[in-house]
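Residue numbers (mature numbering (1 follows the signal peptide of the UniProt record, and there is no 0)): -24 to -1, 1 to 332. Comments concern the structure below.
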């Protein structure tokens, strides 16, 4: 691929005459050896197609009541930030504590009955070993001991259940996030299964994009996508790409899910973003974005064609972080000034030099 230069008339009339008339190139005897420059080359890069996507929270849930009670504490409201494990709802626990006390008493009684039955069985077994007790009496003592053990185990199971119900009177945040909805108020009575609060986590995010079926094969093959921020000035690469194995029968599009890195990306659930998918490879002419000169709606770049910088109009394409694709106005192998401000100062300093 070779970039074609734009017509010189547009450059001279609009770019130079309008804004750069004072930046006429110095005589060719001056050579800009001290300018920071770079030779631009065609580079192998991804060919991309972009579609709109929606940012979603990986963790988003509605917390519901698991026991009956009356709401006595609601420390957080909608849009509040909640740390993981923080108490978000507290219920009255009179009934649960009473049941817990009863369960403790039942365990104590069952433990005493089992200890007595076990000791009695041990005494009868010792006597039976000497043949002084009937076999039937030994079997009865064993059955009584086993029944006491079963009663103790049932009381212990009841204790665990009652303890769980007591724990349910305090509802904690399953993850750190933001409260999005609150379904109850202080003083309300709730029943098991009733929604209490909804929230989302801002730590783990993903983006869902609908792509046409014609692009699915290339997307699966390349397996790379990036979220474009600030018109492509910043990019967030997906850590994982999932193409759903079915299409929407109405739109004939496939859903593609991008998992995003955990660091702060400046994205939030519900945002619409542009997502660029790699669909192939091609050679592109890339230059540093900082080397471009903006003149209204036109862009230019200082080219060191004869050793001295000359401002030339270019047409740019997509942006790739700190680099910009040049579509026209610059050729492979040409040398450009990396710092346009330094190039302009150099021209001003050498404008008065006379040609031989």
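A virtual CB, placed ideally from N, CA and C, is assigned to each residue, including glycine.
With contacts defined as CB atoms closer than 8 Å, residue 290 and residue 304 qualify as a contacting pair.
Relative to residue 154, the option among 179, 279, 187, 134 whose CA is nearest is 179. The distance from the Cβ of residue 167 to that of residue 44 is about 5 Å, consistent with a contact at the 8 Å cut-off. In this structure, 136 is the residue among 235, 136, 96 with its C-alpha nearest to the C-alpha of residue 72. Boundaries of the alpha helix (DSSP H) around residue 92: 70 to 104.
Closest in alpha carbon position to residue 206, among 67, 311, 248, is 248. In this structure residue 204 touches residue 211 by the C-beta definition: roughly 6 Å separates them, less than 8 Å.
Counting every other CB atom within 10 Å of its CB across the protein chains shown gives residue 323 a total of 16 or more, marking it as buried. Taken in chain order, the whole alpha helix (DSSP H) runs of length 4 or more contained in the region 174 to 238 are 192 to 198.
DSSP places residue 125 in the helix class (H, G or I) of the three-state scheme. In this structure residue 266 is exposed. Its beta-carbon is surrounded by fewer than 16 other beta-carbon atoms within 10 angstroms. Taking C-beta atoms under 8 Å as the contact rule, residue 121 and residue 93 qualify, at a distance of about 4 Å.
Proximity to residue 39 across 288, 222, 157, 315 peaks at 157, based on C-alpha coordinates. In the three-state DSSP reduction, residue 137 falls in the helix class (H, G or I). In chain order, 100, 101, 104 place their CB closer than 7 Å to the CB of residue 114, counting only its own chain and leaving out the 5 sequence neighbours on each side. With 16 or more other CB atoms across the displayed protein chains lying within 10 angstroms of its CB, residue 316 is buried.
The Cβ atoms of residue 295 and residue 209 sit closer than 8 Å to each other. Looking at the backbone, the Cα of residue 25 and that of residue 138 are separated by about 58 Å. 184 is the residue among 64, 261, 184, 61 whose C-alpha sits nearest the C-alpha of residue 245. Under the three-state reduction of DSSP output, residue 299 falls in the strand class. Fewer than three beta-carbon pairs drawn from the region 42 to 60 and the region 269 to 288 are found closer than 8 Å, and the two stretches are therefore not classed as touching. Taking the CA atoms as reference points, residue 201 sits about 47 Å from residue 67.
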